[in-house]
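First residue of the sequence shown: 4, per the numbering used here; consecutive thereafter. Glycine residues also receive a C-beta, built at the ideal position from the N, C-alpha and C atoms.
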Amino acid sequence: MQDGYMAITGDDFLFFAERAVGGMSTILGELGDELANTRPALPGANTPFALLTHCLGVMEYWGGHLVAGRPVRRDRQAEFHASGPVAPLRARAERALETLRADVRDSRPGAPLHDEPDPEALGPRRELTRDSALQHLYEELAQHHGQMEIMRDCLLAARRPVDPVDAPMAWLRAKQGVKWHRPGPALLPAWVADMDFPLAPVIAEAVGAALGRGDLGYPDWDGHPLAGAFADRMRRRHGWQPDPAHVRGITDLIQGLQLTLTLLTEPGDGVVAFTPNYPPFLRTLETMRRPLVAAPLEPAEGWTWDHDLLEQRVRTGNARVLLLVNPHNPTGKVFTADELRRVADLAERHDLIVISDEIHADLVHAPHRHLPFAALDAGTAARTVTVTSASKAFNIAGLRTALAHVGPAVLRAAWDAQPPDLYGAVNVLGVEATRAAWAHGDAWLAAVTAHLTRQRDHLARRIAVMPSVGLLTPEAGYLAWLDCRAAGLGEEAADWFRRNAGVELSAGSEFGSGVVGSVAESRARLNFATTREVLDLILDRMEDALTRAEKTGFRPPEAHLSASG
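Rendered as structure tokens:
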């Protein structure tokens, strides 16, 4: 130090500034997209992604504007809420360092600032030169580098295991949702299509951040808030390039079906559907008086259908719409490209609007792959309404947020001509959750899907040795369509297992199997999206009940009740 001055060269300053920014960038690389966008359990903490974004804003304002004189538009508050993939932000940090190097080397020692510091920038309360402004800039970088090291350690220490499916029985029993609450404590539920796993951390963080901001007022959205996120996800995962301008908001997929039928059909118009099928869809057709034109799926070499029979039924059934559920519920079938083309050809020949429910698309088991129906060709896309949601893959059905990609121009025009919000509006928290799931939830989803594949394979092995029950292994999802015909239960299979095994399954007759009576009732749907412990308890109860019944003979419920008093 000489005459009150300490000599620090520009190269010295840049060495330590680069060390701080480079250290933060490296930490983001270590954390990856999910953890970098997660707030650690520390009072007032931001996410690492937001903290580095803020540091780049500091560099741009203090170095670029006050020292170098470039005009800058900065939203300091927005920096602390930034989120996104890590790689582009790290590249931006490297570019910011290159700019800072040039600004420092061009700066004149002791020169005044190009502008008065904005009080909202929260800088030192004293007169500053360009040199002291750069010192403050380094102060900020060093401080936040230290903070980020602490954040990294906390996040890594609290990170969930790779398999995020730990769900203790007491936690499951305490849930208030319909799956566990409605059957009561005496039954083990394997019915409604909810998963038993804890919420994905990125979704919990996104919803928590919105609540923390108190951000539940009227949203400021330009167009549909999920249009871009949907288009990006379809491109990344399925190679399809949907038009974001064709996206319309719905609360769930059933509403998408109901809206399309309301706007484009009349009572008496037929709707083609592959049966068995999702019960709320079938109830919608019945309530709206749109007759079902059934295409029964048969378990021969995988689930398939009689093309000639379907062609005949379409011709005679006054069909206007074809409802495709792919991947299929309840069978778990993933339609192949050739099968989808046959469906598309049928729709073109008979000028059918196609509603393609693709809500299970993110849960396909390898080696199978999902192909969006609208991705076949432009003509198919122009007649297809694709309905989907993050709710099934990420277990957030209660947030009631879905969307429709409306290919038919006539339907878009009719849809847009309806009074505003006649069919409801988009849910703010549902949007936050869906954005987080689609942008940052793939690591969690991959771990859950791997668990579901292991559950499926374990279930198939157990069913193979279970008396009088068959299963065609599902290719997607977490629903197993059980065949209990050989058991000769004499009643609805789900009722029999509820009464004799204490297990709640979905009743086969509700799925409109395309047949009536004992064949439909001999089917039941089992949900295996649970822990291995719970799945084995369910299967043990079912196997024990079947084994006991084989020894004593299967009896209809009336005989059972009279024999037991």
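Simplified DSSP state of residue i, which is helix, strand or coil
| i | result |
| --- | --- |
| L327 | strand |
| H373 | coil |
| S509 | strand |
| V337 | coil |
| A449 | helix |
| I11 | coil |
| S110 | coil |
| P91 | helix |
| F83 | coil |
| N332 | coil |
| A412 | helix |
| W224 | coil |
| G305 | coil |
| L462 | helix |
| G271 | coil |
| S359 | strand |
| V250 | strand |
| A407 | strand |
| L191 | strand |
| L474 | strand |
| T41 | coil |
| L596 | Because residue 596 is not part of the residues shown, which for the chain are 4 to 568, the question remains open. |
| F19 | helix |
| F200 | coil |
| T278 | strand |
| A96 | helix |
Straight-line Cα distance separating residue j from residue i
| i | j | result |
| --- | --- | --- |
| S392 | I399 | 9 Å |
| K178 | S509 | 19 Å |
| V75 | R239 | 34 Å |
| R79 | A85 | 10 Å |
| G444 | E123 | 35 Å |
| L59 | D118 | 19 Å |
| A364 | P283 | 19 Å |
| A489 | L474 | 12 Å |
| L69 | D106 | 10 Å |
| A161 | L432 | 25 Å |
| V357 | H227 | 22 Å |
| F200 | D547 | 27 Å |
| R457 | L448 | 14 Å |
| H310 | P299 | 10 Å |
| G66 | E142 | 13 Å |
| P164 | A450 | Reliability of the predicted coordinates at P164 is poor, the pLDDT of 48 falling under 50, and no value is obtained from them. |
| A532 | L190 | 16 Å |
| W418 | Q258 | 12 Å |
Span of the beta strand (DSSP E), counted from its first residue to its last, around residue i
| i | result |
| --- | --- |
| V390 | 387-391 |
| A298 | 295-299 |
| V195 | Looking at the DSSP string, V195 is not in any beta strand (DSSP E), and its letter there is neither H nor E. |
| A428 | Looking at the DSSP string, A428 is not in any beta strand (DSSP E), and its letter there is neither H nor E. |
| R528 | 526-530 |
Alpha helix (DSSP H) segment containing residue i, residue limits
| i | result |
| --- | --- |
| L260 | 256-267 |
| T534 | Looking at the DSSP string, T534 is not in any alpha helix (DSSP H), and its letter there is neither H nor E. |
| S135 | 133-161 |
| H68 | Neither: H68 is in no alpha helix (DSSP H) and is coded neither H nor E. |
| K178 | Run containing K178: none; DSSP gives neither H nor E here. |
| V317 | 310-319 |
Exposed unless 16 or more other CB atoms sit within 10 angstroms - verdict on residue i
| i | result |
| --- | --- |
| L288 | buried |
| G517 | Low local confidence applies: a pLDDT of 47 at G517 is under 50, so the model's placement there is unreliable, and no value is given. |
| R129 | exposed |
| G180 | exposed |
| R22 | exposed |
| H1 | Residue 1 is absent from the model: the chain starts at 4 and stops at 568. |
| P574 | The question about residue 574 has no answer, for the chain in this structure spans 4 to 568. |
| Q315 | exposed |
| A90 | exposed |
| D486 | buried |
| S421 | A small fix is needed here, since residue 421 is Gln in this sequence, not Ser. Under this definition Q421 is an exposed residue. |
| R187 | It should be pointed out that residue 187 corresponds to Gly in this sequence rather than to Arg. Its Cβ having fewer than 16 others within 10 Å, G187 is exposed. |
| Y221 | exposed |
| K336 | buried |
| G174 | The question names Gly, yet the displayed sequence has Trp at residue 174. Result: exposed. |
| E33 | exposed |
For residue j and residue i, believed in contact at Cβ under 8 Å, the rounded distance
| i | j | result |
| --- | --- | --- |
| A436 | L406 | Contact flag wrong, Cβ pair sits at about 13 Å. |
| A350 | L325 | 5 Å |
| A479 | H368 | 6 Å |
| N329 | S359 | 6 Å |
| E152 | I30 | 7 Å |
| A145 | T132 | Not quite, the Cβ-Cβ distance comes to about 20 Å (not below 8 Å), so this is no contact. |
Closer than 7 Å: residue i CB and nearest the ligand NAD heavy atom
| i | result |
| --- | --- |
| G410 | Absence of the ligand NAD is noted for the structure shown, with no ligands found whatsoever. |
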